[in-house]
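All residue numbers for the sequence shown refer to our numbering, where the first residue is 4 and numbers rise by one. We put the beta carbon where it would ideally sit given N, CA and C, even for glycine. Note that the structure is a prediction, hence the values are computed from the model and not measured.
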Amino acid sequence: MRQWGPGLLLLSPSLILLAVFVYGLIAWTAKVSLSDEHNARGSKGFVGLQNYVDLFTKDINDRFLHSLKNLLIFTVVFLVGTMLLGLLWAFLLERGVKGEGFFRTVYLFPMAVSFVASGVVWRWLMNPADGGLNAVFDGFGLGFLQNTWWTNPDWGMAAMALPAVWQLSGYVMALFLAGFRGIPQELREAAAMDGASTYRLYRNVIFPQLTPVALSALIIVGHMSMKMFDLIMSVSGAQWLTEVPAVYVWQALLTSDYSKAAAISIILLLLVAVVIVPYLIYTNRAEKNR
Numbered sequence: 004m005r006q007w008g009p010g011l012l013l014l015s016p017s018l019i020l021l022a023v024f025v026y027g028l029i030a031w032t033a034k035v036s037l038s039d040e041h042n043a044r045g046s047k048g049f050v051g052l053q054n055y056v057d058l059f060t061k062d063i064n065d066r067f068l069h070s071l072k073n074l075l076i077f078t079v080v081f082l083v084g085t086m087l088l089g090l091l092w093a094f095l096l097e098r099g100v101k102g103e104g105f106f107r108t109v110y111l112f113p114m115a116v117s118f119v120a121s122g123v124v125w126r127w128l129m130n131p132a133d134g135g136l137n138a139v140f141d142g143f144g145l146g147f148l149q150n151t152w153w154t155n156p157d158w159g160m161a162a163m164a165l166p167a168v169w170q171l172s173g174y175v176m177a178l179f180l181a182g183f184r185g186i187p188q189e190l191r192e193a194a195a196m197d198g199a200s201t202y203r204l205y206r207n208v209i210f211p212q213l214t215p216v217a218l219s220a221l222i223i224v225g226h227m228s229m230k231m232f233d234l235i236m237s238v239s240g241a242q243w244l245t246e247v248p249a250v251y252v253w254q255a256l257l258t259s260d261y262s263k264a265a266a267i268s269i270i271l272l273l274l275v276a277v278v279i280v281p282y283l284i285y286t287n288r289a290e291k292n293r
């Protein structure tokens, strides 16, 4: 107690708040997901995993599976877009350009805008009628580029990821740029002395050093995409074409179907855990092996 007592005493307020408002609420949500609380009258009893089974087998029009498919499309486009643009911008800045501070500010500025505010703007930009980008294309004689954006039944969910890519590519750029700047200059000089070309320098020396940064960026951006709610609601609202599990949870709560909302929330939590837990295990092992 003399060794651990003071530390535990200092940490106890945070531990109590964490236990109650994080893990306690997760436990309560899991309990509700195992009940039949499908209306405001309250729960009638324990039903086990029936709510989870119903989501995959008895949901009207396979609504939950449809939302998972939309989430997968959104996540793939979101991850690919942010990683490629972030790496490209970081590479260009790392190579040295005039006005680097200006370009860093331009790339990072979208992060300062809330998803709700940017969603309202992108709702106008992706207006399927005559506004926004379609009007710009028409004005420049590029009418063949006009389309229905997020209202397209085939790839509307991919278009929905464009605002998220625009908003978070700068964040990924900052991570990669920090990774570039953290590579020791001695490695570059040694490669140059060995006669390595610029391509070989980046291919065999610099890019492998960015693997931990890329993995961190993938984890951070990936788990953000799984919880995306405010941006989608700001752009399209509660629409079938763009519904994801987070939006489905909100709509289930509006109808007082607490058990279904809790079950979807737990599934989302498990999906995020599948992404994050292996990363935490990997980083902990890497730290111990140093």
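Quick one: using the 10 Å Cβ neighbour count with 16 as the cut-off for buried, is residue i buried or exposed?
i	result
V56	exposed
N42	exposed
V83	exposed
L218	exposed
P166	buried
G89	buried
M196	exposed
W31	exposed
V277	exposed
V119	exposed
L178	buried
N287	exposed
G77	The sequence given here places Phe at residue 77; Gly does not occur at that position. Answer is buried; the Cβ neighbour count reaches 16.
L28	exposed
N292	exposed
M236	buried
F67	buried
A220	buried
Below 8 Å between beta carbons: does that hold for residue i and residue j?
i	j	result
S121	L234	yes
G146	F140	yes
T85	V252	no
R184	L204	no
V1	R126	For residue 1 there is no data in the structure shown, the boundaries of the chain being 4 and 293.
L3	A266	The displayed coordinates of the chain run from 4 to 293. Any statement about residue 3 would go beyond what the structure contains.
A33	I269	yes
Considering only residues of the same chain and omitting the five flanking positions on each side of residue i, which have a CB-CB separation below 8 Å?
i	result
G2	In the structure as shown, the chain begins at 4 and stops at 293. Residue 2 is therefore absent and cannot be evaluated.
L271	M229, K230, P248, A249, V252
A199	N207, V208
F112	G173
Might you give, ordered along the chain, the residues of its own chain that have their beta carbon closer than 7 Å to the beta carbon of residue i, omitting 5 neighbours on each side?
i	result
Q257	Looking at the sequence provided, one finds Leu at residue 257 rather than Gln. So the list is empty, once near-sequence residues are dropped.
I279	I222, H226
S46	S38, D39, E40
Y261	V35, E40
E97	L180, F183
I186	I209, Q212
V100	F106
M188	Looking at the sequence provided, one finds Gln at residue 188 rather than Met. Once the five neighbours on either side are set aside, Q188 has no close Cβ partner at all.
From the DSSP output, read off the bridge partner residues of residue i.
i	result
S38	F49
Within 8 Å (strictly less), CB to CB, does residue i reach chain D?
i	result
V56	The displayed structure is made up of one protein chain only, and chain D is not part of it.
Report the residue from the options whose alpha carbon sits nearest the alpha carbon of residue i.
i	options	result
I222	Q188, F106, P248, L274	L274
L87	Q212, V116, W169	W169
L171	L213, P281, W125, M114	M114
K263	L20, V23, G51	G51
Q149	S117, N137, V208, V119	N137
N130	N155, A194, S17	N155
P215	S70, Y285, P9, N54	Y285
Q242	Q212, R5, N73, E103	N73
R44	S259, A289, E103	S259
F210	L20, Q6, F94	F94
F232	L283, Y26, S117	S117
D157	A132, L128, H69	H69
By Cβ distance, which residues of its chain are closer than 6 Å to residue i, with the 5 residues on each side in sequence left out?
i	result
Y110	W92, G173, M176
V80	A161, A164
E213	The residue you asked about is not Glu; residue 213 is Leu in the sequence shown. Within the same chain, L213 has close Cβ partners G182.
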